[in-house]
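Report on the following structure.
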Amino acid sequence: MVTRGFGGRRPPREQAERLPPGQYLTEDFPVLSAGPTPQVRLEDWSFTLKVGPKPVAEWDWEAFNRLPISRMTRDIHCVTAWSKFDTSWEGVLVDDILAEAGIEAPKPYTLAHCFDGYTTNVPTADLVGGKAMVAIRFEGEPISPDHGGPARLLVPHLYFWKSAKWIDGLQFIDQDTAGFWELRGYHLYGDPWREQRYTDD
2 MVTRGFGGRR
12 PPREQAERLP
22 PGQYLTEDFP
32 VLSAGPTPQV
42 RLEDWSFTLK
52 VGPKPVAEWD
62 WEAFNRLPIS
72 RMTRDIHCVT
82 AWSKFDTSWE
92 GVLVDDILAE
102 AGIEAPKPYT
112 LAHCFDGYTT
122 NVPTADLVGG
132 KAMVAIRFEG
142 EPISPDHGGP
152 ARLLVPHLYF
162 WKSAKWIDGL
172 QFIDQDTAGF
182 WELRGYHLYG
192 DPWREQRYTD
202 D
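All residue numbers for the sequence shown refer to this note's numbering, where the first residue is 2 and numbers rise by one.
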């Protein structure tokens, strides 16, 4: 685990209701990852949709950036206990990715796959209906490699390990299948408001 930039403070009283239990507010954006930061060149980047093992659509960086771009401002919450309010993202909603591929959400569960081999599982219902995007910009700038650039999944209502860095695909599957951290004891779902940090929470 790589960490940097920790330091927090309690929020003003009027913001306290936005802070899930066990969290503290930070103005920083700590860097955490399971391993070294991959340096993904834009000319090497691609994004693939799969239904089970079968690829159904793929985009390179240029084609992906021609998809409808949406903006999302959300609070984010890390399992290591920091929260950051009002983060601003731009990217392609999962709904729009599915629409471009000509499919509706085909399976109840999804595995996000990443360039470094990382995976994380998310119920498909938590990715559609405007809830999630593949983000390509943060605070008006390209996402830095340390924070998952050139593209990362953004699922802001779940703990932030579900917002997989360096994403290169979504795979729709029939059964909830544990990803990297879930296999190592993290909760399968990860709701910060229910403190679902670890398997038995």
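All C-beta atoms in this analysis are idealised placements derived from N, C-alpha and C, irrespective of residue type, glycine included.
Please read these numbers as outputs of a predicted model, since none were measured by experiment.
Three-state secondary structure assigned by DSSP to residue i
{"i": "Ile104", "result": "coil"}
{"i": "Glu44", "result": "helix"}
{"i": "Ile144", "result": "coil"}
{"i": "Lys51", "result": "strand"}
{"i": "Ala166", "result": "The sequence given here has Lys at residue 166, not Ala. Three-state DSSP puts Lys166 in coil, outside helix and strand."}
{"i": "Leu171", "result": "strand"}
{"i": "Ala126", "result": "helix"}
{"i": "Glu196", "result": "coil"}
{"i": "Ala136", "result": "strand"}
{"i": "Trp60", "result": "strand"}
heavy atom of the ligand NAP below 7 angstroms from residue i C-beta
{"i": "Val129", "result": "With respect to small molecules bound, the structure shown includes none, and the ligand NAP cannot be examined in it."}
Environment of residue i [buried if 16+ CB atoms lie within 10 Å]
{"i": "Asp61", "result": "exposed"}
{"i": "Glu28", "result": "exposed"}
{"i": "Trp90", "result": "buried"}
{"i": "Met2", "result": "Bear in mind that a pLDDT of 43 at Met2, under 50, signals an unreliable position, so the number given afterwards is only what the model happens to contain. Answer is exposed; the Cβ neighbour count stays below 16."}
{"i": "Asp175", "result": "exposed"}
{"i": "Gly149", "result": "buried"}
Residue i to residue j span [Cα, whole Å]
{"i": "Arg42", "j": "Phe116", "result": "11 angstroms"}
{"i": "Gln40", "j": "Ile144", "result": "12 angstroms"}
{"i": "Val135", "j": "Asp202", "result": "28 angstroms"}
{"i": "Gly130", "j": "Thr74", "result": "16 angstroms"}
{"i": "Phe30", "j": "Lys85", "result": "7 angstroms"}
{"i": "Glu105", "j": "Gly23", "result": "37 angstroms"}
{"i": "Glu44", "j": "Ile137", "result": "15 angstroms"}
{"i": "Cys79", "j": "Ser71", "result": "23 angstroms"}
{"i": "Asp192", "j": "Val156", "result": "11 angstroms"}
For residue j and residue i, believed in contact at Cβ under 8 angstroms, the rounded distance
{"i": "Phe173", "j": "Val93", "result": "With 8 angstroms as the limit, Phe173 and Val93 do not qualify as a contact, their Cβ atoms being about 17 angstroms apart."}
{"i": "Lys166", "j": "Val123", "result": "Not quite, the Cβ-Cβ distance comes to about 14 angstroms (not below 8 angstroms), so this is no contact."}
{"i": "Pro146", "j": "Thr38", "result": "5 angstroms"}
Candidates the options: closest to residue i by CA position
{"i": "Thr121", "options": "Pro37, Asp97, Leu171, Asp45", "result": "Leu171"}
{"i": "Ala102", "options": "Glu142, Pro69, Asp127, Ala82", "result": "Pro69"}
{"i": "Thr125", "options": "His148, Phe65, Asp96", "result": "Asp96"}
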